[in-house]
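Number of protein chains: 2
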Amino acid sequence: MTSAAKRKAETEPTPSLGGLETTVGFVLRLAQVAVFKDLLAALKPFDLRVTDLSVLLVIEATPGLQQRAIGDMLRIQRPNLVIILDQLQARGLVRRDPVPGDRRSYALSITPEGAALLRGAKAAHAAHDRKVLEALGDLEKERMLTVLERIAAI
Amino acid sequence: MTSAAKRKAETEPTPSLGGLETTVGFVLRLAQVAVFKDLLAALKPFDLRVTDLSVLLVIEATPGLQQRAIGDMLRIQRPNLVIILDQLQARGLVRRDPVPGDRRSYALSITPEGAALLRGAKAAHAAHDRKVLEALGDLEKERMLTVLERIAAI
DNA sequence: TATTGTTATACTCTATAACTATA
DNA sequence: TATAGTTATAGAGTATAACAATA
Numbered sequence: 001m002t003s004a005a006k007r008k009a010e011t012e013p014t015p016s017l018g019g020l021e022t023t024v025g026f027v028l029r030l031a032q033v034a035v036f037k038d039l040l041a042a043l044k045p046f047d048l049r050v051t052d053l054s055v056l057l058v059i060e061a062t063p064g065l066q067q068r069a070i071g072d073m074l075r076i077q078r079p080n081l082v083i084i085l086d087q088l089q090a091r092g093l094v095r096r097d098p099v100p101g102d103r104r105s106y107a108l109s110i111t112p113e114g115a116a117l118l119r120g121a122k123a124a125h126a127a128h129d130r131k132v133l134e135a136l137g138d139l140e141k142e143r144m145l146t147v148l149e150r151i152a153a154i
Numbered sequence: 001m002t003s004a005a006k007r008k009a010e011t012e013p014t015p016s017l018g019g020l021e022t023t024v025g026f027v028l029r030l031a032q033v034a035v036f037k038d039l040l041a042a043l044k045p046f047d048l049r050v051t052d053l054s055v056l057l058v059i060e061a062t063p064g065l066q067q068r069a070i071g072d073m074l075r076i077q078r079p080n081l082v083i084i085l086d087q088l089q090a091r092g093l094v095r096r097d098p099v100p101g102d103r104r105s106y107a108l109s110i111t112p113e114g115a116a117l118l119r120g121a122k123a124a125h126a127a128h129d130r131k132v133l134e135a136l137g138d139l140e141k142e143r144m145l146t147v148l149e150r151i152a153a154i
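See below:
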């Protein structure tokens with residue numbers, strides 16, 4: 001041990017997280033950050049952020065949906081969703097079509113190009129999700145989802 | 001049903017999350033946001049953010065700790081931690097004392113005022129944590145922590 | 001009056017480069 | 001040369017107020 005290291009060992013106490021490490025909230029946060037980082041990396045080849053993918057998935061699942069509905073479902077503020085859709089539309093991935101009977105809103109849908117990109121992105125998403133599921137071990141996914149939903153409803 | 005509502009029902013399909021709702025990552029995110037929102041509200045009376053509390057807890061648990069060590073433990077970039085500590089110090093909650101043998105760094109500690117505030121904040125934190133634990137139902141906390149730690153290590 | 005989408009803006013969190021003073 | 005703390009700044013992500021067009 002060098003004298004500097006020795007002095008360091010004398011001076012610095014062994015650090016502790018002060019109980020934080022046995023807190024669900026703290027570990028929940030670490031897990032969520034890790035999952036989003038991993039998913040973001042997986043979506044990199046498609047130039048999509050996590051939010052972009054979620055918006056595309058919702059539109060694909062329910063074509064004709066209006067912006068307001070998507071924002072409500074994904075908890076994205078309307079002004080922020082405008083920007084996201086502008087970008088996706090500029091890339092030719094989604095369309096904003098007129099809604100018969102309501103000229104205020106748009107019917108959103110995925111373009112063929114969007115669908116093609118989504119196929120790859122969904123495969124990457126699935127691979128990522130499998131990694132997360134492996135971390136669950138023998139804890140059933142449904143059990144985990146139920147608990148997380150209950151926490152989300154706090 | 002009004003004619004507007006009827007037209008709405010005809011036009012808008014029943015929306016779906018497109019499989020997102022059965023994804024651990026998505027629900028994990030909802031849970032984490034809910035937990036942090038609840039904790040932030042619980043800490044409001046003490047004028048502390050979640051990060052402030054975690055920093056105070058770590059310093060209290062290990063007095064004499066240096067800024068770098070705290071940043072590493074809590075995953076806070078050093079430049080950002082400077083601001084946080086500046087604020088806590090300006091409020092008289094923490095102290096930056098000289099470290100014998102290394103004039104580059106500071107030994108951090110909680111002041112009596114900080115300790116007094118922390119007592120209340122810790123009680124609020126504990127009450128919040130009990131709410132989270134209730135949402136776990138019969139799933140043991142240790143089991144949950146283990147799974148979340150494994151996910152965090154993805 | 002209320003609602004959809006929009007614009008502009010602000011606030012928080014997080015991240016990076018470069019500096020200083022020490023080691 | 002490397003490290004601790006700092007400064008300045010930039011980039012996400014998120015939030016609110018106010019507007020135009022339409023209901």
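Order-wise, the sequence lines are chains A and B. Heads up, the first sequence is in full-length UniProt numbering, so the first residue is 1 and it goes up one at a time. Heads up, the second sequence is in full-length UniProt numbering, so the first residue is 1 and it goes up one at a time. Glycine included, each C-beta is placed from N, C-alpha and C at the ideal position.
Through-space distance from residue j to residue i, alpha-carbon basis
i: Glu140 of chain B; j: Thr51 of chain A; result: 32 Å
i: Leu136 of chain A; j: Ser16 of chain B; result: 26 Å
i: Ala69 of chain A; j: Arg104 of chain A; result: 14 Å
i: Asp97 of chain A; j: Ser54 of chain A; result: 20 Å
i: Lys6 of chain B; j: Glu60 of chain A; result: Unreliable placement is indicated for Lys6 of chain B, whose pLDDT of 40 sits below 50; the coordinate value is still reported in the next sentence. Approximately 24 Å between the Cα atoms of the pair.
i: Asp86 of chain B; j: Val33 of chain B; result: 27 Å
i: Glu149 of chain A; j: Leu30 of chain B; result: 8 Å
i: Glu142 of chain B; j: Arg143 of chain A; result: 15 Å
i: Met73 of chain B; j: Gly25 of chain A; result: 16 Å
i: Ile83 of chain A; j: Ala90 of chain A; result: 10 Å
i: Leu20 of chain A; j: Ala41 of chain A; result: 28 Å
i: Thr62 of chain A; j: Glu134 of chain B; result: 35 Å
i: Ala116 of chain A; j: Ala116 of chain B; result: 59 Å
Where residue i falls: helix, strand or coil (DSSP)
i: Arg91 of chain B; result: coil
i: Arg150 of chain A; result: helix
i: Ile84 of chain A; result: helix
i: residue 157 of chain A; result: No answer is possible for residue 157 of chain A: the residues shown for chain A start at 1 and end at 154.
i: Asp129 of chain A; result: helix
i: Glu113 of chain A; result: helix
i: Gly19 of chain B; result: coil
i: Gly120 of chain B; result: helix
i: Glu140 of chain A; result: coil
Beta-carbon gap between residue i and residue j smaller than 9 Å
i: Ser109 of chain A; j: Arg95 of chain A; result: yes
i: Val132 of chain A; j: Gly18 of chain B; result: no
i: residue 155 of chain A; j: Ala124 of chain A; result: The question about residue 155 of chain A has no answer, for chain A in this structure spans 1 to 154.
i: Leu81 of chain A; j: Gly71 of chain A; result: yes
i: Leu48 of chain A; j: Ala127 of chain A; result: no
i: Leu114 of chain A; j: Leu88 of chain A; result: Note that residue 114 of chain A is Gly in the sequence shown, not Leu. The answer is yes: Cβ separation under 9 Å.
i: Ile154 of chain B; j: Asp102 of chain A; result: no
Endpoints, alpha helix (DSSP H) assigned at residue i
i: Asp52 of chain B; result: Val50 to Ala61
i: Arg29 of chain A; result: Val24 to Leu43
i: Ile110 of chain B; result: No alpha helix (DSSP H) holds Ile110 of chain B; the beta strand (DSSP E) holding it covers Asp102 to Ile110.
i: Gln67 of chain B; result: Gln67 to Leu74
Whole-angstrom C-beta distance between residue j and residue i, which should lie under 8 Å
i: Leu56 of chain B; j: Leu118 of chain B; result: 6 Å
i: Gln67 of chain A; j: Tyr106 of chain A; result: 7 Å
i: Thr22 of chain A; j: Leu145 of chain B; result: 7 Å
i: Val27 of chain A; j: Ala152 of chain B; result: 7 Å
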